[in-house]
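A short write-up of the structure that comes next.
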């Protein structure tokens, strides 16, 4: 455990006041509505920026469809990224299903596109150690090339996983799911979806049925931009980093020589995690680069290293279960739960951050020395004192996801690179020739308030015609452990609400896949061979779990005072005064005692063995299921 350091109270008060002033500059009454999802833009110029540039429609259309209309499958997975793949693999390994029993659907053009959220921008690297981030390394035997994998390596590993478990031809891509509806008569889910065929080709409508449905849509699915007036009128090259246009810049994800920028003046709007990777690469080639900043990034050294393949099996993969051990070890340092004398296996920029205590004052006292070191590094790296001052983040560690780079801060010493700091004011307007002033954090629509169906833009309807969105709107989040809800039998979903979250999303996706698969496998064992299981959370237990989450929600009071960002919903809900709405919001919080506590909670539930809170019955029709091929 990390002790709270002794800090001069007056100094701490002055820093907290500075933090509050910086946050106030950036607060907007419209909250997250200050952003525009590109797919919803009225102007074709902006809407087109959301299109998937990597989908090979000719190749996709030449393949036979993996689904047969009105066929019945054991499991339908909405989302074929790492979350969907891990759930499918755990089903296969548990014996619940074979690969032929499973179908996956995703809007992206292929498995490799999904897992890196479609981007292929220059400088794309994982900000977590690849040895604990890339899933199933132990099972595949793959050794990452670098401590922090490139986007290309992540994509290749996704393809490796899908191939190993025979899932490559079980997924339908460039497809949008419209409705997922429970049928009480057949006790099956009916799924309706639209398969895109490319520009100028009519889409194809499909319908299938499934015993189990798993919603595995990620949190980074819909590119968004700040609502800069007249942005669509800009006549120069323009694209979103999620859909990087190498036709404009030159190069490719494999060859990041951006030669077409040598005679160009380039503006990068935003300084969040993506920009920290992009900006150093663009700065190498652009005639002039303007970095338009609203809020300074919190940047730590990456300390990239080439993997030593000769010692990997000794230093890293030294025994069975090493990857999970490494993930849990990393998380223990992140949550201040490492035991005295415990070795730090990862030793990265995350594990040397101070873990957080229980109260806001202690948060700041614990965090201040760390953030002072971050700001001092900027003074060392940047020669111009004025630029250095503008690059300093004045907010606590926990307000924004940290970024890691060895090249971002020194770049501002280069004569062709200019920092345009807007002092929190944000965008003004665009013209035909450029930007007048402005910045906002650009990126994806993240963490929207609503049911698990909202991220998928799918209407999910359970018993008695009630939609998942209507239930969430009326009651607030209502789940058992965050992964299933009453009224929606055999429906499971991933997410952090009423569950847990940590910096390593892959660890969480694997945790969810294992826990949900345990529920399904246990239910099938209970009803017996040859029978279909119907699994549903009871009202009583999901309400009890919701109450436990809500009473812990005040733990997050410190986040409310942060500069606007996706951690605090860009201020959404900060002005809510209605007590019923406050309680509803509290129900949707993350389990605030941390991942270790949550793992203990679900571990004890499983050890108890009675599957408390699950209503498990055999279906009226008991025939065994297999895919109709």
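Residue numbers (the working numbering): 3 to 631. For glycine and all other residues, C-beta sits at the position ideal for the given N, C-alpha and C. This structure is a prediction, so every number in the text was calculated from the model and none was measured.
In angstroms with no decimal places, state the Cα-to-Cα distance between residue i and residue j.
i, j, result
"residue 145", "residue 348", "16 Å"
"residue 450", "residue 474", "Because the pLDDT at residue 450 is just 45, under 50, the model does not fix this residue reliably, and the value given afterwards should be weighed accordingly. Approximately 13 Å, taken between the alpha carbons."
"residue 28", "residue 395", "13 Å"
"residue 173", "residue 253", "30 Å"
"residue 533", "residue 89", "22 Å"
"residue 343", "residue 318", "19 Å"
"residue 237", "residue 311", "49 Å"
"residue 631", "residue 95", "Only weak support is given to the placement of residue 631: the predicted model assigns it a pLDDT of 30, under 50, and the question is left unresolved by the model."
"residue 231", "residue 547", "45 Å"
"residue 19", "residue 285", "35 Å"
"residue 613", "residue 540", "11 Å"
"residue 391", "residue 282", "19 Å"
"residue 219", "residue 24", "34 Å"
"residue 337", "residue 600", "12 Å"
"residue 273", "residue 403", "12 Å"
"residue 479", "residue 582", "13 Å"
"residue 2", "residue 255", "Coverage of the chain is limited to positions 3 through 631, which leaves residue 2 absent and any answer about it impossible."
"residue 148", "residue 133", "9 Å"
"residue 421", "residue 436", "16 Å"
Starting from residue i, trace the beta strand (DSSP E) in both directions and tell me its first and last residue.
i, result
"residue 75", "74-80"
"residue 195", "190-197"
"residue 184", "177-185"
"residue 581", "That residue, residue 581, is in no beta strand (DSSP E); its alpha helix (DSSP H) goes 581-589."
"residue 213", "206-217"
"residue 224", "224-228"
"residue 456", "Careful: residue 456 lies outside any beta strand (DSSP E) and carries neither H nor E."
"residue 139", "It is not in any beta strand (DSSP E) - residue 139 instead sits in the alpha helix (DSSP H) that spans 139-142."
"residue 616", "616-620"
"residue 644", "Given that the chain is displayed from residue 3 to residue 631, the structure contains no residue 644 and the question cannot be resolved."
Applying the 10 Å Cβ sphere with the 16-neighbour rule, what's the burial state of residue i?
i, result
"residue 79", "buried"
"residue 526", "buried"
"residue 16", "exposed"
"residue 227", "buried"
"residue 141", "exposed"
"residue 385", "exposed"
"residue 203", "exposed"
"residue 11", "exposed"
"residue 264", "exposed"
"residue 26", "exposed"
"residue 320", "exposed"
"residue 605", "exposed"
"residue 517", "buried"
"residue 100", "exposed"
"residue 44", "exposed"
Within this structure, are the beta carbons of residue i and residue j separated by less than 7 Å?
i, j, result
"residue 103", "residue 65", "no"
"residue 489", "residue 457", "no"
"residue 242", "residue 370", "no"
"residue 617", "residue 538", "yes"
"residue 351", "residue 292", "no"
"residue 269", "residue 294", "yes"
"residue 597", "residue 544", "no"
"residue 68", "residue 217", "no"
"residue 92", "residue 515", "yes"
"residue 196", "residue 178", "yes"
"residue 130", "residue 159", "no"
"residue 211", "residue 74", "yes"
"residue 389", "residue 414", "yes"
"residue 607", "residue 502", "no"
"residue 175", "residue 279", "no"
"residue 189", "residue 523", "no"
"residue 304", "residue 408", "yes"
If you follow the alpha helix (DSSP H) that residue i is in, where does it begin and where does it stop?
i, result
"residue 89", "84-96"
"residue 9", "Looking at the DSSP string, residue 9 is not in any alpha helix (DSSP H), and its letter there is neither H nor E."
"residue 669", "Shown here, the chain extends from 3 to 631; a query on residue 669 therefore has no answer."
"residue 163", "153-166"
"residue 105", "Not the alpha helix (DSSP H): residue 105 falls in the beta strand (DSSP E), residues 104-107."
"residue 592", "Here residue 592 belongs to no alpha helix (DSSP H), and DSSP marks it neither H nor E."
"residue 598", "597-610"
Inset, instruction - Identify every run of the beta strand (DSSP E) within the segment 481-547, keeping only runs that are complete inside it and at least 3 residues long; order them along the chain. - result: 493-495 and 535-539
Legend entry - Runs of beta strand (DSSP E) wholly within the segment 255-340 (minimum 3 residues, chain order): 267-271 and 290-295
Inset, instruction - Mind listing, in chain order, the continuous alpha helix (DSSP H) runs of no fewer than 4 residues lying wholly within the segment 36-67? - result: 46-49 and 59-64
Legend entry - Residue ranges of each alpha helix (DSSP H) within the segment 382-434, 4 or longer: 387-393 and 410-413
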